[in-house]
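Using the numbering used here, the first residue of the sequence shown is number 170, and each one after it goes up by one. Notes to accompany the following structure.
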Amino acid sequence: MLYNKPLNSGLKGMNPASGHFYAVGIGPGAPDLLTLRAARLVEGCDVILAPQARNTTRSLALEAVRPFIQHQEVMLQNYPMERNDQKTRQRWEQLADSVAQRCENGQSVVQVTLGDPLIFATSAYLLQSLAQRMPGAHIHVVPGISAFQTAASRFAEVLTLQEDRLTLMSATNLDAVAQALDQCETLVLYKAGTCIEALVELLRQRNLLSRACLVSCGEQGDHELLVEDLSQWDMTPLSYMTTLIVKIGRRTWQEDVSV
Ligand SMILES: C[S@@+](CC[C@H](N)C(=O)[O-])C[C@H]1O[C@@H](n2cnc3c(N)ncnc32)[C@H](O)[C@@H]1O
Numbered sequence: 170m171l172y173n174k175p176l177n178s179g180l181k182g183m184n185p186a187s188g189h190f191y192a193v194g195i196g197p198g199a200p201d202l203l204t205l206r207a208a209r210l211v212e213g214c215d216v217i218l219a220p221q222a223r224n225t226t227r228s229l230a231l232e233a234v235r236p237f238i239q240h241q242e243v244m245l246q247n248y249p250m251e252r253n254d255q256k257t258r259q260r261w262e263q264l265a266d267s268v269a270q271r272c273e274n275g276q277s278v279v280q281v282t283l284g285d286p287l288i289f290a291t292s293a294y295l296l297q298s299l300a301q302r303m304p305g306a307h308i309h310v311v312p313g314i315s316a317f318q319t320a321a322s323r324f325a326e327v328l329t330l331q332e333d334r335l336t337l338m339s340a341t342n343l344d345a346v347a348q349a350l351d352q353c354e355t356l357v358l359y360k361a362g363t364c365i366e367a368l369v370e371l372l373r374q375r376n377l378l379s380r381a382c383l384v385s386c387g388e389q390g391d392h393e394l395l396v397e398d399l400s401q402w403d404m405t406p407l408s409y410m411t412t413l414i415v416k417i418g419r420r421t422w423q424e425d426v427s428v
């Protein structure tokens, strides 16, 4: 059995501890959608680990926590994200070595991740590697608002009622998406920007285009794109940061029911 501090242990209990690692979800990128706990940990830690976008020195995650950075060391890293699982794991092992070393030296390390660190986040590899190097009690996860919550909130879109099934998956496997459309009431597709044409075609065939909405770069400054009804949209190229929601409906969406 595993015991941890209760979630309501108060802000005082959430100062980063010496030698501890925190995988912290920072939400969609707007600083005011950061949890108090995330802000407190970022503010008080010794080292911040942040992903660096490919071919740039930018880090959206780091920018989101900029107001809370003063004295901390910043480790900006190109995160390994190759398709080759073996290679990816090897490179995360190296990163885990340097994080574990810092913790062993008594530093507190916070890894900032957009959205939630347990949902489609490469931080999962780091968590696994660190578990072999550090005591479990020194590894913490702090949840963040995930992209699907941000996307739904932009349209005040109810995701589930009563016995509805909500499926959250990557859009990149079109066959799997087609199957999922038959098996849930609401489908949330991450990584939709990379295959939007095929998705639009599939939804058109299923007569679901008008039940689909999307958010691209939600809550990220001037770049946000909102499409409330895909049947009314002249398709434009989208960034990778795109989430699509399909309200397939069958039960509660079509009936007048109470929660
Ligand atoms: C590697 S996953 C990261 C998910 C993240 N851990 C979360 O919980 O939101 C990247 C995918 O998340 C979604 N996403 C992340 N940020 C987004 C944003 N600002 N607007 C829309 N979708 C976003 C997109 O579907 C994108 O392809």
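Backbone N, C-alpha and C fix where the C-beta goes; we use that ideal spot for every residue, glycine too.
If you follow the beta strand (DSSP E) that residue i is in, where does it begin and where does it stop?
i, result
"Gly213", "Segment 205-213 is the alpha helix (DSSP H) holding Gly213; no beta strand (DSSP E) there."
"Ala219", "216-220"
"Leu378", "No beta strand (DSSP E) contains Leu378, which DSSP labels as neither H nor E."
"Thr336", "335-339"
"Thr355", "355-359"
So if DSSP puts residue i in a beta bridge, which residue, or which two residues, is it bridged to?
i, result
"Ile288", "Answer is none; Ile288 lacks a bridge partner."
"Ser385", "Leu394, Thr411"
"Phe190", "Val278, Ile308"
"Val243", "Ile217"
"Val234", "DSSP, once it has assigned bridges, lists no residue as partnering Val234."
"Gly196", "Gly284"
What residue range does the alpha helix (DSSP H) around residue i cover?
i, result
"Tyr365", "A quick correction: the sequence has Ile, not Tyr, at residue 365. 365-374 is the extent of the alpha helix (DSSP H) around Ile365."
"Gln263", "254-273"
"Leu343", "343-349"
"Ala321", "316-323"
Please name the residue in the options whose C-alpha comes closest to that of residue i.
i, options, result
"Gly440", "Thr336, Thr412, Ile217", "In the structure as shown, the chain starts at 170 and stops at 428, and residue 440 therefore has no counterpart that could be examined."
"Gln246", "Ile365, Ala222, Gln331", "Ala222"
"Ala367", "Asp398, Ile414, Asp344, Ala320", "Asp344"
"Gln241", "Ala269, Pro249, Pro185, Ala265", "Pro185"
"His392", "Gln401, Thr363, Thr411, Gln263", "Thr411"
"Leu399", "Cys382, Ala321, Tyr409", "Cys382"
"Ala140", "Ser385, Leu407, Ser187, Glu212", "In this structure the chain extends from 170 to 428, so residue 140 is not present and cannot be described."
"Arg260", "Ile288, Ser292, Leu231, Gln276", "Ser292"
"Leu328", "Ser315, Arg271, Glu354", "Glu354"
"Ala199", "Gly313, Arg271, Asn253, Gln270", "Gly313"
"Ile288", "Ile217, Pro220, Ala361, Ser339", "Ser339"
"Gln318", "Leu356, Ala347, His309, Val346", "Leu356"
"Arg430", "Ala207, Leu371, Tyr294, Leu330", "There is no way to answer for residue 430, as the model of the chain reaches only from 170 to 428."
"Leu229", "Ser267, Pro249, Gly284", "Gly284"
"Val311", "Gln263, Pro197, Ala207", "Ala207"
"Ile414", "Met404, Glu326, Glu262, Glu370", "Glu326"
"Val346", "Arg323, Leu372, Glu332", "Leu372"
"Cys364", "Gly387, Ala219, Tyr409", "Tyr409"
"Asp201", "Glu232, His189, Trp402, Thr226", "Glu232"
"Leu444", "Ser315, Glu332, Ser187", "With the chain running from 170 to 428 in the structure shown, residue 444 is simply not present."
"Ala349", "Met183, Gly362, Arg334", "Arg334"
"Tyr359", "Asp351, Gly387, Glu370", "Gly387"
"Arg380", "Trp402, Gln389, Gly390, Leu394", "Trp402"
"His309", "Gln331, Pro286, Thr341, Gln270", "Pro286"
"Val211", "Thr226, Met183, Thr225, Pro197", "Met183"
"Glu397", "Leu407, Leu330, Asp351, Arg323", "Arg323"
"Glu262", "Glu332, Thr341, Gln389, Pro249", "Pro249"
"Glu332", "Thr405, Gln352, Gly362", "Gln352"
Would you say the beta carbon of residue i comes nearer than 6 Å to a heavy atom of ligand 2?
i, result
"Lys256", "This structure does not include ligand 2; its bound ligands are ligand 1."
Determine, using beta carbons only, whether residue i comes closer than 7 Å to chain C.
i, result
"Glu393", "The structure shown contains no chain C; it is built from a single protein chain."
- Any contact of the stretch 293-308 with the stretch 371-380, i.e. 3+ C-beta pairs under 8 Å? Cβ pair count under 8 Å is below three, so no.
- Query: With contact counted as at least three CB pairs below 8 Å, one residue from each stretch, are the stretch 287-304 and the stretch 234-245 in contact?
  - Reply: Below 8 Å, too few C-beta pairs join the stretch 287-304 and the stretch 234-245 to call them touching: fewer than three.
- Given 8 Å as the limit, is there contact between the stretch 278-295 and the stretch 186-203, that is, 3 or more CB pairs closer than that? With a cut-off of 8 Å, the stretch 186-203 and the stretch 278-295 count as touching, because enough Cβ pairs lie within range.
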